[in-house]
Amino acid sequence: MKQRFSIPALAAAAVLLLAGCTSAGSGSGGDGPSVTPVKGGTVQVLLNADFSHLDPVQGFDGGVNNFYRLIYRTLTTQSTGEGAKGTEMVPDLATDLGTVSDDGLQWTFTLKDDLQFEDGSPITSADVKFGVERSFDPAIAVGSPYARLTIAGTDGYQGPYITGDLPSIQTPDDQTIVFTLKEPFADFASVVGQNSFTPFPADTERVTTTSLDKMPIASGPYKVDSYERGSQLELVRNDAWDPKTDDVRKAYPDGFDFTFGLDASTIDERMIAGQGDDANAIAGSVQAASISRIQTPALKARTVAGLQGCTTYLGLNTTKPNMDNPLVRQAIAYAIDRESVKDASGGSQLADIATTMLPPTVAGHTDFDLYPSKDNAGDPEKAKELLAEAGLPDGFSFTLDIRSQPKMQAQAEAVQQALAKAGITVNFNLIDTSTYYEVIGTTSQQNDAAITGWCPDWASGSTFLPPLFDGSQIFPKGNSNIAQLNDPAVNERIAEIRAMTDADEANAAWGALDEQIQKLVPTVPLLFEKTVMVVGANVAGAYSHAGYSGGIDYVSVGLSSADK
Amino acid sequence: MSSSVPSELTTVAEEAGAPVGAPTPARRVIATLRSSPPVLLSVAFIVLVVLLAILAPLITAISGWGPCTFDKSAVDSDLGGVPIGPLGGISAEHWFGVEPGNGRDIFARIAFGAQVSLSIAVSATIVTTVLGVVLGMLAGFYGGWVDQVVSRVMDFLMAFPSLIFMIALLSALPAGNRPVLLVVVLSLFGWPYTARVVRGQAMSLRTSEFVESARASGAGGIRIVFREILPNLRGTIIVLATLAVPGYIGTEAGLSFLGVGVTPPTPSWGQMIATAVGWYAVDPMYFLIPGTFLFLTVLSFTVLGDRLRKALDSGDAAS
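Here the protein sequences come in this chain order: A and B.
Under the working numbering, the first residue of the first sequence carries the number 206, and numbering increases by one thereafter.
Under the working numbering, the first residue of the second sequence carries the number 54, and numbering increases by one thereafter.
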């Protein structure tokens, strides 16, 4: 399952920006973020929070996944480019997207020639296998779960340090790797692009469970030069990386300097001023309060924006009294004033209104609005009718779990106001930021509803709808099916789509399933939030990558002049 | 009783002892205060804020905007939700402008925020005064193990890093009724400051002649404490209470600023200031208005308490 909301939660800091829509500015200073960068120079990155982990089997959120591409390579990876183009899977270490056996259980990948780690030693299939095996070690198995979910014979397997060899991954020669799956998984080419498929030298002495967090071993175009946890990370070129083996990473600058621990307002001030080295800087999304300050032509020319690719939604716990009544849930869906939720989240530049669960960046996204209202402002009259029909003519009250963080509180207040018009009283249960997802993911502790978000692990409905709506995926702890929806028709359909081998057919089916699920109103989609980022005047090639929560694609960004 | 003990306490004791005695010292204190412009201004502002708080529902009914009513038309969605119009959206419609993002009326939130602030501060003052006076008097009058126990508890609470503990306590406790929780937490750490002063005064009164005579005439301990000593502490208690109110207003605002105060959407000045911080460059009025109200309220109570003490003290010297 994927992190909900890594981005908004981390004050948007862990992420970079996207580019794109706004490079219309003429005139002013720099060449703008859309020109092709030159080789050389150092890109500065200003961030609020440090990356969760440098060890790729542990880190797993939009911000850190984006960063991993600078130093690590995987069998496949996401492409580059704005929108859906960027979320397409392309070969990386592998020569192609893999070959599947007739029974759909065996996937074979062949490595390219001349692949090397930063120390010049060759990257072999055994190293890839070792990297995957590491992700099963119980001490570090906190990142991407897809290797565990798909590969056969992993029950009780505890990684190379404890158990040893994993027979379901075979390496007939140095360049060939064969995975045996539990059951057919059409999207396995996307699975091998997950962080846990990063190769490391197959040496349990040299690569331990803790060594990579301190000093990674690079396979990508950059390597770590120095790292001070929480304050500074410097990347320099990895000379052992051969650009001829890599069609994805442009790697324009000679290095990256990441600065962590900066206050979000400080970052905004520095990016707007753009003085000195900050002309070469990129950062995460600006705060709502800064939006009106970046409307000058000069700053607009330095702004890149894009969708985060996530959905912010109101989850309704269908096991609670009143909430178990579909009419009540429909009433809530009608009464919500999405326009005011959007304004509370920073207005039209920072959010689009969502009426579907699947965001537009996910293949198969189908547009529909089952509970429409004029200007998306909510329809309290219709809601009252439905409540009366449900036997609650005087309304009712429920408790909404919210995270004690300004933006999420503002969203909750907007929901509260809108529902009050329909006679529904919303009480808040304020939960500390650090324990919020743990509390709402514990079925015994969650209340009637919660505002949360979900980002797909790759641009497919298969990493979005099943974790949120599959009745077989309700867990007492770490639950992501917040609605606790357990609808036989939905469960059955999820299983059917998973078995489809044709990707396009499956995508279309996910889109249709989204609508089928929304008829049951287990959740009320609220917003597709966006990132709006200001980049330095000398930054070029910056755009918002939909696969990395709308952050600026690190492997494509560079400078327009290398010696500024 | 003779005037052989020329203290304020004796003066008050005489007054208390005379059932129909005119409250000359009180009148004199009031006269002194009335001649001081800072006190008059402070009292005027306090009266204004109190009226604002009491009449909040009425005033907002007139203005037409409640404290939680969103006004989408007052903010610009395309500019991050910044208020439309100069000075943070101040207009005939919204007298103090609106909050960015949601367009809630700042005047209504200030008025209802005053209600929250004052009721919490006054409740906490009442609780701490009652607790502090009773425990302080008992400790001072009885001495011995009663004093030991009360004094050690006071030392313990005063040595505690109270703000940090309040934050921890309020974040750990279930949401429940936040205003009541705030009063409890503020009182828990506040009463020793009153009790310590009261204890000292009670200790000196314990050996005074009127206490001796009351004891000689057969009065019991509790009766002496509440009938003889308490009336003599009136002046001190009034001053302590007046000075405690601004302290609690400030602490409540501080806790709300840190996100552990009253739960949204209940308006609170501290919370408004906290949200306004990010907007200072774009919408300074959003910060200035609650900031000014908080500042002036705390200042007014402090000036009043300070002058009151001076007036009472100088009264002693004069008599």
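Glycine included, C-beta positions come from ideal geometry on N, C-alpha and C.
To the nearest angstrom, how far is it from the Cα of residue i to the Cα of residue j?
| i | j | result |
| --- | --- | --- |
| residue 450 (chain A) | residue 710 (chain A) | 32 angstroms |
| residue 707 (chain A) | residue 713 (chain A) | 10 angstroms |
| residue 443 (chain A) | residue 249 (chain A) | 18 angstroms |
| residue 697 (chain A) | residue 572 (chain A) | 23 angstroms |
| residue 116 (chain B) | residue 181 (chain B) | 37 angstroms |
| residue 461 (chain A) | residue 307 (chain B) | 40 angstroms |
| residue 419 (chain A) | residue 332 (chain A) | 20 angstroms |
| residue 664 (chain A) | residue 751 (chain A) | 9 angstroms |
| residue 232 (chain A) | residue 743 (chain A) | Any reading at residue 232 (chain A) must be qualified, since the residue scores a pLDDT of 35, below 50, and its modelled position is unreliable; no value is offered. |
| residue 310 (chain B) | residue 107 (chain B) | 23 angstroms |
| residue 395 (chain A) | residue 602 (chain A) | 43 angstroms |
| residue 293 (chain A) | residue 389 (chain A) | 21 angstroms |
| residue 497 (chain A) | residue 336 (chain A) | 46 angstroms |
| residue 557 (chain A) | residue 548 (chain A) | 10 angstroms |
| residue 289 (chain A) | residue 377 (chain A) | 36 angstroms |
| residue 661 (chain A) | residue 719 (chain A) | 14 angstroms |
| residue 317 (chain A) | residue 384 (chain A) | 17 angstroms |
| residue 361 (chain B) | residue 97 (chain B) | 15 angstroms |
| residue 281 (chain B) | residue 82 (chain B) | 22 angstroms |
| residue 424 (chain A) | residue 305 (chain A) | 26 angstroms |
Is residue i close to chain A? Criterion is C-beta to C-beta, closer than 9 angstroms.
| i | result |
| --- | --- |
| residue 332 (chain B) | yes |
| residue 177 (chain B) | no |
| residue 361 (chain B) | no |
| residue 74 (chain B) | With a pLDDT of only 43 at residue 74 (chain B), under the threshold of 50, the placement of this residue in the model should not be trusted, and no figure is reported. |
| residue 283 (chain B) | no |
| residue 160 (chain B) | no |
| residue 304 (chain B) | no |
| residue 113 (chain B) | no |
| residue 134 (chain B) | yes |
| residue 312 (chain B) | yes |
| residue 106 (chain B) | no |
Nearest chain B C-beta to residue i closer than 9 angstroms, yes or no?
| i | result |
| --- | --- |
| residue 460 (chain A) | no |
| residue 585 (chain A) | no |
| residue 765 (chain A) | no |
| residue 618 (chain A) | yes |
| residue 622 (chain A) | yes |
| residue 544 (chain A) | yes |
| residue 498 (chain A) | yes |
| residue 502 (chain A) | no |
| residue 448 (chain A) | no |
| residue 551 (chain A) | yes |
Take the Cβ of residue i as the centre, count every other Cβ of all protein chains shown within 10 Å, and call the residue buried at 16 or more, exposed below.
| i | result |
| --- | --- |
| residue 734 (chain A) | buried |
| residue 260 (chain B) | exposed |
| residue 276 (chain B) | exposed |
| residue 266 (chain B) | exposed |
| residue 401 (chain A) | buried |
| residue 812 (chain A) | This structure does not reach residue 812 (chain A), given that chain A is present from 206 up to 769, and the question cannot be answered. |
| residue 680 (chain A) | exposed |
| residue 484 (chain A) | buried |
| residue 198 (chain B) | exposed |
| residue 256 (chain A) | buried |
| residue 344 (chain A) | exposed |
| residue 773 (chain A) | Chain A is shown from 206 up to 769; residue 773 (chain A) falls before or after that span and cannot be answered. |
| residue 373 (chain B) | Because chain B in this structure spans residues 54 to 372, residue 373 (chain B) falls outside the shown range and cannot be described. |
| residue 297 (chain B) | buried |
Going by the C-beta, is residue i closer than 8 angstroms to any heavy atom of the ligand COA?
| i | result |
| --- | --- |
| residue 540 (chain A) | Absence of the ligand COA is noted for the structure shown, with no ligands found whatsoever. |
Output the residue ranges of the beta strand (DSSP E) runs that lie fully inside the region 505-572 of chain A and measure 3 residues or longer, sorted by chain position. For secondary structure counted as the beta strand (DSSP E) over 3 or more consecutive residues, the region 505-572 of chain A holds these complete runs in sequence order: 508-512, 516-521 and 556-558.
In the region 234-300 of chain B, which residue ranges form an unbroken alpha helix (DSSP H) of at least 4 residues, counting only runs that do not cross its ends? If we require 4 residues or more, the alpha helix (DSSP H) runs fully inside the region 234-300 of chain B come out as 262-269.
For the region 382-434 of chain A, list the alpha helix (DSSP H) runs that are entirely contained and at least 4 residues long, ordered along the chain. Here the runs fully enclosed are 393-396 and 416-419.
On the three-pair Cβ rule with 8 angstroms, is the region 143-153 of chain B touching the region 120-132 of chain B? Touching, yes.
Return the chain-ordered ranges of every beta strand (DSSP E) run that is complete within the region 615-699 of chain A and spans a minimum of 3 residues. Counting only runs that start and end inside the region 615-699 of chain A, the beta strand (DSSP E) elements of at least 3 residues fall at 630-636 and 654-659.
Check whether the region 233-241 of chain B and the region 171-179 of chain B touch, using three or more Cβ-Cβ pairs below 8 angstroms as the test. Contact between the region 233-241 of chain B and the region 171-179 of chain B is present, because at least three Cβ pairs lie under 8 angstroms.
Would you call the region 304-323 of chain B in contact with the region 162-169 of chain B, where contact means no fewer than 3 C-beta pairs closer than 8 angstroms? Output reads yes: the region 162-169 of chain B touches the region 304-323 of chain B.
Do three or more CB pairs link the region 350-368 of chain A to the region 280-293 of chain A at distances below 8 angstroms? Judged by Cβ distances under 8 angstroms, the region 350-368 of chain A makes no contact with the region 280-293 of chain A, as fewer than three pairs qualify.
Quick test of the definition: if touching needs 3 or more C-beta pairs under 8 angstroms, does the region 579-590 of chain A touch the region 520-539 of chain A? Three or more pairs of CB atoms, one per stretch, sit closer than 8 angstroms, so the region 579-590 of chain A contacts the region 520-539 of chain A.
So does the region 602-617 of chain A actually touch the region 630-639 of chain A, counting three or more Cβ pairs closer than 8 angstroms? Counting C-beta pairs with one atom in each stretch, the region 602-617 of chain A and the region 630-639 of chain A have three or more that are closer than 8 angstroms, which means they touch.
Under 8 angstroms, with one C-beta from each stretch per pair, do the region 397-412 of chain A and the region 674-688 of chain A reach the 3-pair mark? Touching, no, given that fewer than three Cβ pairs across the two stretches are closer than 8 angstroms.
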